[in-house]
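If you number the sequence shown the way my numbering does, the last residue is 453 and the count never jumps. Even for Gly, the Cβ is constructed at its ideal location relative to N, Cα and C. The model shown is predicted, which means the values in this text are computed figures rather than measured ones. One structure is given below, encoded as structure tokens.
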Amino acid sequence: MKDDLLHSLIQRETIRQSETMDLIASENYTSPEVLQAVGSVFSNKYAEGYPRKRYYQGNAVADELEELAISRGLTLFGLSSEEWSLNVQPYSGSPANLAVYLALLAPGEKVMGMQLSMGGHLTHGHKVSATGIIWNQVPYGVSKDTEMLDYNELMETAKREMPKMIIAGYTAYPRVIDWKKFREIADAVGAYLFVDMSHLAGLVAGDSYPSPFQYADVVTTTTHKTLRGPRSAIIFTRKQGLKIKDQGKKLFTIAEAIDKAVFPGLQGGPHLNQIAGIAQTFFEASTPEFKIYAAQIVKNARALAEALSELGWRIVSGGTDSHLLLVDTMSKNIGGKDAAIELEKANIVTNMNTIPFDPQPPMNPSGLRLGTPSCTTRGMKEKEIGLVAEYINAVLLKTRTPEEVQKDVLALCKKFPLLY
Ligand code: DSN
């Protein structure tokens, strides 16, 4: 039954995506094959439980699908099934992170997480999130001088507060994170090290950012950012060594505790269609082409930071080692929200963002967060990124009208089309 109204909305969104320059650091364009997997008949099936241990009949194929996704995910990140467990059922990043808390902590225990305004995430213990309502955040940030992590200060905070879990991995931190230092801090206070690599997973898979697996106890990631898969999330958990007691005081490995927290703790039936999309994503991310893609994302982000910097814009921390950068628009007296609205008029889509120690309110903060995963998927390289920097500069400094710049953006988008 054709729904003309819905069809036209899908058509319009397809056109919007193809005709805009997406610089939102957490977005990407999946392959048509990922979209096909997500829209497949796996959407019709219930599969509560885990492979070979289901509560519904008819799951022989679903079992194979989930096992395929798990084995591909472990291989992609160079992990063995003896050492690491992978749960591919979380519906998205926030439930995945909540499952980690539920599994590893008792209510009220302390979690050391980066403040949202410094580049953290709501689920890293912010007071409006369940993670901050049920547990106690020990907040940390970056150094005022360098706008980068100060590991000595982190060690002092951890020793003073004795958190049960430390979270590393952020939404607006452009630099390399020293996972080894985080391990040392966690070990010094007997805390779990939980890495949320949602923003970084594609870069880690493509060998363009240090892998956290040697050091972390648990690693979560969404699958739709740099990894370029469907909207979903996964949890890797170290299998050996660590044990935890449930309320009935039975002893579990933390991997078992996390599986129990995902289902039945937080979720019902897994979204098998998303798991199919994840399996396809891992297949794509294990190719040599994906390594080239990941490296180009970082080259493009560096090129964007350098070009904007040369045009006189202050880049938070002076640059980037990853897929994203923060531009201090307030250094030119333009609020982040105003900047994002102006850029959208020229078909450049971004998001306003706080910068460290932001004197401005979150609804019109001092910065813009820019990321290169999407335009890199389109095939753009440093040369085109240089043009994008010029367009941003022209719109924000009003040297050209947004309508004039929009024409150039449209031409660039047409030259680097999407696959759908
Ligand atoms: N919304 C994501 C981001 O933009 O970073 C985090 O959940």
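*Would you list, in sequence order, the uninterrupted alpha helix (DSSP H) runs of no fewer than 4 residues that lie entirely inside the segment 51 to 121?*
Complete alpha helix (DSSP H) runs here, min 4: 65 to 71, 93 to 109.
*Which residue or residues does DSSP assign as beta-bridge partners of alanine 427?*
Translated into positions along the sequence shown, residue 427 becomes position 394. Per the DSSP secondary-structure output, alanine 427 pairs with nothing in a beta bridge.
_Do phenylalanine 296 and tyrosine 83 count as a contact pair if the criterion is CB distance below 9 Å?_
By 1-based counting over the sequence shown, the position of residue 83 is 50. By 1-based counting over the sequence shown, the position of residue 296 is 263. Yes, they are a contact pair.
*In three-state terms, what does DSSP make of valine 295?*
The residue labelled residue 295 in the question sits at position 262 within the sequence shown. Here valine 295 sits in helix by DSSP.
*asked:* Looking at the strands, I want to know which residues DSSP matches up with lysine 276.
replied: The residue you call residue 276 lines up with position 243 of the sequence shown. Thr286.
_Only counting the same chain, and skipping five residues up and downstream in sequence, which positions put a Cβ closer than 8 Å to that of lysine 276?_
Residue numbering aside, residue 276 sits at position 243 when the sequence shown is read from its first letter. Cβ neighbours of lysine 276 beyond the five flanking positions: Leu284, Phe285, Thr286, Ile287.
*Count the C-beta pairs between the segment 69 to 86 and the segment 295 to 312 that are closer than 8 Å, then say yes if the count reaches three, no if not.*
These segments touch.
*Could you please go through the chain and list the residues whose beta-carbon is closer than 6 Å to any non-hydrogen atom of ligand 1?*
Those satisfying the condition are, in chain order, Ser59, Gly126, His154, Thr204.
_I believe leucine 359 touches isoleucine 330 by the beta-carbon criterion, under 8 Å. Please report the beta-carbon distance rounded to the nearest angstrom._
Counting from one through the sequence shown, the residue named residue 359 turns up at place 326. Counting from one through the sequence shown, the residue named residue 330 turns up at place 297. Taking a contact as a CB-CB distance under 8 Å, the pair leucine 359 and isoleucine 330 does not count as one, their CB atoms being some 16 Å apart.
*CB serine 241 to CB alanine 328, shorter than 9 Å?*
Position 208 of the sequence shown, counting from 1, holds the residue named residue 241. Position 295 of the sequence shown, counting from 1, holds the residue named residue 328. Result yes, Cβ atoms of serine 241 and alanine 328 sit closer than 9 Å.
*Mind checking whether glycine 404 and isoleucine 57 have CB atoms under 9 Å apart?*
As a working note, residue 404 is residue 371 in the sequence shown. As a working note, residue 57 is residue 24 in the sequence shown. Remark: C-beta atoms of glycine 404 and isoleucine 57 approach each other more closely than 9 Å.
*asked:* Does the contact criterion of 3 or more C-beta pairs under 8 Å hold for the segment 133 to 152 versus the segment 187 to 195?
replied: Judged by Cβ distances under 8 Å, the segment 133 to 152 makes contact with the segment 187 to 195, as three or more pairs qualify.
_Straight-line gap, proline 207 to lysine 177 (C-alpha atoms, nearest Å)_ = As a first step, residue 207 is located in the sequence shown; it is residue number 174 there, counting from the start. As a first step, residue 177 is located in the sequence shown; it is residue number 144 there, counting from the start. For proline 207 and lysine 177, the distance between alpha carbons rounds to 15 Å.
*N- and C-terminal bounds of the beta strand (DSSP E) containing arginine 271*: Within the sequence shown, numbered from 1, the residue matching residue 271 stands at position 238. First-last of the beta strand (DSSP E) with arginine 271: 266 to 271.
*For leucine 429 versus threonine 362, is the C-beta distance shorter than 9 Å?*
Counting from one through the sequence shown, the residue named residue 429 turns up at place 396. Counting from one through the sequence shown, the residue named residue 362 turns up at place 329. Cβ distance < 9 Å, so leucine 429 and threonine 362 count as in contact.
_Quick check on this structure: which residue in Glu437, Pro450, Val133 has the alpha carbon closest to the alpha carbon of threonine 409?_
By one-based count along the sequence shown, residue 409 stands at place 376. Of the candidates Glu437, Pro450, Val133, the one whose C-alpha sits nearest the C-alpha of threonine 409 is Pro450.
_Contact set for cysteine 446: own chain, Cβ-Cβ below 8 Å, skip 5 residues either direction_ = Sequence index remark: in the sequence shown, residue 446 carries index 413 (1-based). Counting only residues of its own chain and dropping the five nearest sequence neighbours on each side, cysteine 446 has a CB closer than 8 Å to the CB of Ser51, Glu52, Thr53, Met54, Asn380, Arg411.
_Whether glycine 202 touches valine 228 by CB criterion (9 Å)_ = Within the sequence shown, numbered from 1, the residue matching residue 202 stands at position 169. Within the sequence shown, numbered from 1, the residue matching residue 228 stands at position 195. By the CB criterion at 9 Å, glycine 202 and valine 228 fall inside the cutoff.
*Going by DSSP, which residues form a beta bridge with leucine 401?*
The residue you call residue 401 lines up with position 368 of the sequence shown. Paired residue(s): Val360, Met385.
*Can the beta-carbon of tyrosine 407 be found less than 9 Å from the beta-carbon of serine 364?*
On the sequence shown, position 374 is the one that residue 407 refers to. On the sequence shown, position 331 is the one that residue 364 refers to. Residue identity differs from the one stated: residue 407 is serine in this sequence, not tyrosine. Serine 364 sits away from serine 407, with the two beta carbons spaced by 9 Å or more.
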